[in-house]
Each structure stands twice: as C-alpha cells, then as structure tokens.
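A.B. asks: Just so you know, this note's numbering puts 21 at position 17 of the sequence shown, and the rest follows in order with no gaps.
Beta carbons: idealized from backbone N, C-alpha and C, even for Gly.
If you scroll down you'll find the structure; I have some questions about it.
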Amino acid sequence: MYSLKRLFPYCLTLIFSVCYLAPALAATEEVVVYSARKAHLIAPLFDRYTQKTGVKVTLLTDKAGALVQRLLAEGKRTPADLLLTVDAGNLWQAAEQDVLATVDSKQLQQQVPIWLRDPDGRWYGLSKRARTIIYNTERVQPAEISTYADLAQPKWYGRLCLRTSKKVYNQSLVAMMIARYGETRTEDVVRGWVNNLAAAPFSNDTKAIQAVAAGQCDVAIVNTYYFGRLQRKQPDLPIALAWPNAASGGVHVNVSGGGVTRYAKHPQAALRLLEWLASEEAQGEFAELNLEYPVNPEVPAAKQVQAWGSFSEDPMNLSQAGRFQARAVRLMDRVGYR
Ligand code: FE
C-alpha cells in the first residue's frame, strides 16, 4: 500500500491541475468556422484571437459550394457559427440559400465600406482584391491600356489571355459589367475578348500571368494577389499591373468575407469574431497574409501592395455580382467563352 507521503506530490499535481485549469475550461467559449478561405491564410489570426480572448476557434475548410451544401444538409443541427468564403458571388449565393443570419452591427457598418457588404447585413467583406489588367512591360506601353471594354478592340487581336469563365471571379466581373452597362453592351465586349484570345482560357490566374511574362500574350485580367505572389518569387519578370476604367466606373474589386450562420450555436461569439476580423487590430494581417487590401479604410495595405499604386475602385454594391451571376454565365456561354 502506498503511503500518504509517497502520494503527496501526485495529490499536489492533481490539485494544481484542477485549480488552474477549471476556470479556463469553464470560461472557454467556442466559435466554429466553415471556411473556403485557405487555412494558412486565416489560422494565424484565429490563434491570435484565442490568445487574446480565450475563445476557441475551430476551423473546417472546403470549397464554398461544398460548405453551403453542408450547411443546408445540417440545417438546425449545424455546428457552424461563421461562414467565410471568397468572392461576393459566393457570399451572395450563401445568403440566397438562406444559410446566413442578418446581423445588425454598428461596428461592422463603420469598418466595412457600404459597397463591400450585403445591404441586408448577411455578409461583410473582410479583404479586398482588385481584378485588374496585367501587361508585358516589353510589349505594351502603360498608356495603351484604358478599360476592360477596350480589350475587345481589334488592336488587341491575338494578344489577350483570360482565365476560364467557369471560375466565379470572371463571372463576378462580367456580372458587374452587366449591372453597369447592360447586357447588350457587355455581350459585345465579352465576344470581343474571346475573339482577341491568344490562347485557350487558362485554369487559373497564375498561368495567365506566366503566359504574359513569357510573351505568349501581352495582357490578361487577373486578381492582384496572384501577381503579388509571383512578384515575390520572381521580381524580375517583365510584368506590371495597370488600373483600367479610371474615368468609367473604376477598377473591379471583389472581397473575401463572411457572415454568421442562420443556426449558429454561438451567434454572439461569432459576431464578435467577425467584428474583430474587420477591426484595425486584425485587418493589416488579414490582408497581408494574402497580399490583399484591407477593407477597413483606417488600415494601410502592406508595402508591396502599396507599391502597385493607387486606383479608383468601382463603388457599385458587390451584391450585384451575385444578382447578375446567372445572366453572366449564360452570356459567357453564348459568346463561346469557355
Ligand atoms: Fe483566388
């Protein structure tokens, strides 16, 4: 039989553990996040949030469509409190499928510009990317680039590269063009793009940028952060960004963003996390992890991103990207944009 004396150190350990850990366990709040934004781009922020607040953040990542389907299938039983995804087209779809709750937050309204959030408060942009024109600096003068529509002109024949129309990014760009210019004019432009293609549409933005750098084409339409990533790896490539539509509506910007789920088990904790992600404290890192622009106007972009110069952005509400998405898809199909 063990003597009390021999057990004493173990008892102490046990007492210490119970006293030390019990309050922490009791205070543990949790937020379950379903995210189509990649884990390595947000996990560092969630770690920081947990350290600061003690709130545990559980992360599950998948593609946007799969997460929305999962939320629909789980219904009221879902463990998810917050949905994060990229592109307003996807956020709009999530809201349309009724998996997001309307939240009324003064803080979010102040932190996120009105055109980067749902008018009904179901989703909020958290980082901003411009979908702009990239050009080969050895083959194109920056002054030659004026608008997205201009890329349909005969002078760009055999010089344009595009990503596939199957990706939501170009669906949103075309949807926003329909919202601004109407369907007839947009169809003329997109038909002109297809006619000007130097190569079949690429499966991703990086391939389109590499084709421009290699001289396979002279211009392409891509998201700024893909350019940033390549610029980091290969700073000497003969490519640069241009900012179109300075006098006609501005550059198309899109967001990554999120919303509290309709059946959140921890809606208050989820809202506080969402507010924190949009706050001055978190916005710099949130944007910089993916070389994006903060949505919060109080927070400057990273040095590398600032160096690309300033531009006027399209201030039309991004919910239009969702509203006109189906028409954009049909339009691109009609003109043979694959
Ligand atoms: Fe992307």
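Below 7 angstroms CB to CB, which residues in the same chain sit around T141 once its five sequence neighbours on both sides are set aside?
C.D. replies: Counting only Cβ-Cβ distances below 7 angstroms, and skipping sequence neighbours, we find P242, I243, A244.
A.B. asks: Roughly how many angstroms separate the alpha carbons of G326 and A179, rounded to a whole number?
C.D. replies: Using only the alpha carbons, I get a separation of about 7 angstroms.
A.B. asks: DSSP three-state label for L335, please.
C.D. replies: Helix, per DSSP.
A.B. asks: Just checking my contact of V35 with H270 at CB under 8 angstroms: how many whole Å lie between their CB atoms?
C.D. replies: The pair is a contact, with the Cβ atoms about 6 angstroms apart (cut-off 8 angstroms).
A.B. asks: According to the Cβ coordinates, are A77 and A40 closer than 7 angstroms?
C.D. replies: Their beta carbons are not under 7 angstroms apart, which means A77 does not touch A40 by this criterion.
A.B. asks: Hey, would you say T136 sits closer than 7 angstroms to V255, going by beta carbons?
C.D. replies: Yes, these two residues count as a Cβ contact at 7 angstroms.
A.B. asks: By a C-beta neighbour count over all protein chains shown, 10 Å radius and 16 as the cutoff for buried, is T190 buried or exposed?
C.D. replies: Buried.
A.B. asks: So S131 and P319 are supposed to be a Cβ contact under 8 angstroms. How far apart are they, rounded?
C.D. replies: Contact flag wrong, Cβ pair sits at about 17 angstroms.
A.B. asks: Taking C-alpha atoms, which residue in P146, A203, R121, L275 lies nearest to N300?
C.D. replies: It is R121 whose Cα lies nearest to the Cα of N300.
A.B. asks: Counting along the chain, where does the beta strand (DSSP E) carrying Y38 start and finish?
C.D. replies: Taken as a continuous stretch (DSSP letters only), the beta strand (DSSP E) holding Y38 covers 34 to 39.
A.B. asks: Taking the beta carbon of Y161 as the centre, do at least 16 other beta carbons fall within 10 Å, making it buried, or is it exposed?
C.D. replies: Per the 10 Å Cβ criterion, exposed.
A.B. asks: Out of S283, K307, V107, M336, state which residue places its alpha-carbon closest to the alpha-carbon of L49.
C.D. replies: With distances taken between Cα atoms, L49 lies closest to S283.
A.B. asks: Can you pull the DSSP bridge partners for E317?
C.D. replies: E317 is bridged to V255.
A.B. asks: So for V116, helix, strand or coil by DSSP?
C.D. replies: Looking at V116 - three-state DSSP - the assignment turns out to be coil, as it is neither helix nor strand.
A.B. asks: Below 8 angstroms CB to CB, which residues in the same chain sit around V333 once its five sequence neighbours on both sides are set aside?
C.D. replies: Same-chain partners within the cutoff: S169, Q175.
A.B. asks: What residue does the alpha helix (DSSP H) around S176 start on, and which one ends it?
C.D. replies: From DSSP, the alpha helix (DSSP H) with S176 extends over 172 to 185.
A.B. asks: Which word fits A98, buried or exposed, when buried means at least 16 other C-beta atoms lie within 10 angstroms of its C-beta?
C.D. replies: Buried, by the Cβ-count rule.
A.B. asks: Please state the DSSP three-state secondary structure of K56.
C.D. replies: If DSSP states are grouped into helix, strand and coil, K56 belongs with the helices.
A.B. asks: Between which two residues does the alpha helix (DSSP H) containing L277 stretch?
C.D. replies: Element bounds for L277: 271 to 281.
A.B. asks: Bridge partners of P242, per DSSP?
C.D. replies: In DSSP, P242 forms no bridge with anything.
A.B. asks: Under 8 angstroms by Cβ, that's how I've got L75 and V103 pegged, so tell me the actual separation to the nearest angstrom.
C.D. replies: Indeed they touch by this definition, with Cβ atoms about 4 angstroms apart.
A.B. asks: Tell me, to the nearest whole angstrom, how far the beta carbon of A273 is from that of D91; I am working on the premise that it is less than 8 angstroms.
C.D. replies: About 26 angstroms separates the two Cβ atoms, so there is no contact after all.
A.B. asks: So R195 and V339 are supposed to be a Cβ contact under 8 angstroms. How far apart are they, rounded?
C.D. replies: The pair is a contact, with the Cβ atoms about 4 angstroms apart (cut-off 8 angstroms).
A.B. asks: Among the candidates A43, K159, T228, whose CA atom is the shortest distance from the CA of C221?
C.D. replies: The option with the nearest alpha carbon to C221 is K159.
A.B. asks: Can you look up A28 in the DSSP assignment and give me helix, strand or coil?
C.D. replies: Residue confidence for A28 is low, a pLDDT of 46 falling below 50, so the modelled location carries little weight; the figure read from the coordinates is stated next. Correct three-state label for A28: helix.
A.B. asks: Taking the continuous alpha helix (DSSP H) assigned at S323, which residues delimit it?
C.D. replies: Counting along the chain, the alpha helix (DSSP H) containing S323 begins and ends at 323 to 327.
A.B. asks: Just mark D337 as buried or exposed, buried being the case when its beta carbon has 16 or more other beta carbons within 10 Å.
C.D. replies: So D337 ends up on the exposed side.
A.B. asks: Around the Cβ of S260, are there at least 16 other Cβ atoms within 10 angstroms (buried) or fewer (exposed)?
C.D. replies: When all chains shown are included, S260 counts as buried.
A.B. asks: Hey, would you say R133 sits closer than 7 angstroms to Y53, going by beta carbons?
C.D. replies: Cβ distance not < 7 angstroms, so R133 and Y53 don't count as in contact.
A.B. asks: L87 and T265 - do their beta-carbons sit closer together than 7 angstroms?
C.D. replies: Yes, these two residues count as a Cβ contact at 7 angstroms.
A.B. asks: The beta strand (DSSP E) spanning L130 covers which residue range?
C.D. replies: Residues 128 to 140.
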